[in-house]
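A short worksheet on the structure shown next.
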Amino acid sequence: MSDFREFVGKTTEEALQKATAHFDLPLNRLEVEVVSAGSSGLFGFLGAKKAKVLVRPLAGSGLEAEMAELAAVVSENHRPRAPRPAPASQGQGQPQAAPADNGGQPDLAEVRQVRPAPEASVATAPPPASPAPQESPAPAPAQAPSPESPALPRDLAPAEPEEPAEAEEPEDQDGPGVEDEAEVPPDQRLEQDPLVIAHAREVLERLVAPLDDSAQVTAVSGAQGIELAVQGQDAGVLIGRRGQNLEALQYIVTRIVSHRCGRPVRIVVDAGEYRRRRRESLEDLAQRMAHKARQTGKPVAVGPLSAQERRVVHLTLKGEAGLSTSSRGRGELKKVVITPSRPGAPGGA
């Protein structure tokens, strides 16, 4: 019973809704034990009791365990770190104690707590050392570690991880090379491994089964990685608005398979040939916007688009003379700006 979680609500239905939202699973994939069905009481408030249920996910053939393991890894990576101390505000006579306790990051807090004791010892040390006023330069070597003490928090400071976030802005202005290289896995042999391909297909089948019982998944190794195609009676549910559901399915399958293989694996999920039709539409749109940029001599923006859609526009116009493309914006959805080589000169290039 240790893996059961308790949920309460005014009614049993409300408690079960909380459980499905918590586990992010449909009700048919949960094991439910009703502790109390609840009661509205007299006149709707006297003696009312809330419904109470115990819920846990059903044991599967291994996919749920992989998802739980993946969630544990993600939560471990996003666990908030302990606050970092500011060593600059501490006294200069105590940096020697800091390196002794800096074997690990948590010891910094202990050093700050122990510092008052050494301060008392330092205060008593100078009086007996009356004949050694010339040896006062001894604090000078103690000041030498002072540059080292800030060096430790530099490695721990949160400011440095934020600097790459600022470096994303110039990346947004690059062509397809930046976005494409980031998606290429270090070992593409995994994308041709029959076991990896079969595992990716099984994961997607388990995910789409609650949405479409008639869905059939085919998997092949292609130029973009492992290409998974879903054919079913209700492809619209799998595609979603502007392909958002497909993007979500592709993200989940990619994370699960990459976690299982121990390295990144490129996976493309399609349903009802949506991506093929979308790619053809984007190629046509890119050509029309390029013609407009040439005629007006001014930059033209297309989008906002996802990373995969931006890549299609970049590659479509890659060989066009007199034009350059760049991504602008923040977040997952950005615009592709088509710029003529000589802005302000209509019909140029």
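Using my numbering, read the sequence shown as starting at 1178 and increasing by one per residue. We put the beta carbon where it would ideally sit given N, CA and C, even for glycine.
Compare the Cα-Cα distances from T1188 to each of E1368, A1228 and V1430 and report the closest residue. A1228
Return the first residue and the last residue of the beta strand (DSSP E) that S1216 is part of. Here S1216 belongs to no beta strand (DSSP E), and DSSP marks it neither H nor E.
The beta strand (DSSP E) spanning V1477 covers which residue range? V1477 to L1482
What does DSSP give as the partner residue(s) for Q1408 in the beta ladder? Q1393
Rounded to whole angstroms, how far is the Cβ of T1502 from the Cβ of L1510, which I believe are closer than 8 Å? Not quite, the Cβ-Cβ distance comes to about 16 Å (not below 8 Å), so this is no contact.
If we ignore side chains and look at the alpha-carbon of each, how far apart do G1508 and V1430 end up? 21 Å
Identity of the residue in A1198, S1213 and R1454 nearest L1207 by Cα: A1198
K1226 versus P1234, G1215, V1232 and L1384, residue with shortest Cα-Cα distance: G1215
With 16 as the cutoff for other CB atoms within 10 Å, does A1192 come out buried or exposed? buried
Cβ neighbour criterion (16 or more within 10 Å) applied to S1146: Nothing in the structure corresponds to residue 1146, since the chain is present only between 1178 and 1526.
Quick check: what's the CA-CA separation for A1412 versus S1518? 42 Å
Cα-Cα, which of V1514, R1488 and R1471 is closest to A1498? R1471
Per-residue burial, R1440 [other beta carbons within 10 Å of its own, 16 or more giving buried]: exposed
Span of the alpha helix (DSSP H) holding L1459? Y1451 to T1473
Just how far apart, CA to CA, sit E1190 and V1211? 11 Å
With DSSP run on the structure shown, which of helix, strand or coil describes L1202? coil
How is T1431 classed by DSSP in three states: helix, strand or coil? helix
Taking just the CA atoms, how far does V1397 sit from E1460? 24 Å
So what does DSSP say about L1231, is it helix, strand or coil? strand
Inter-residue spacing [alpha-carbon to alpha-carbon] between K1469 and R1505: 19 Å
With DSSP run on the structure shown, which of helix, strand or coil describes T1516? strand
Could you check what DSSP says for A1386 in three-state terms: helix, strand or coil? coil
Are the CB atoms of L1492 and V1479 nearer to each other than 8 Å? no
Of the choices G1409, Q1369 and L1482, whose alpha-carbon is the least far from that of E1382? G1409
Let's see if you can read the secondary structure: which residues bound the beta strand (DSSP E) around D1447? I1444 to A1448
Which word fits G1399, buried or exposed, when buried means at least 16 other C-beta atoms lie within 10 angstroms of its C-beta? exposed
Which same chain residues end up closer than 7 Å to P1314 when comparing Cβ atoms and leaving out the 5 residues on each side of it in sequence? At P1314 the pLDDT is 47, less than 50, meaning the model places this residue with poor confidence; the figure from the coordinates comes in the next sentence. Same-chain partners within the cutoff: there are none.
For V1446 versus L1405, is the C-beta distance shorter than 8 Å? yes
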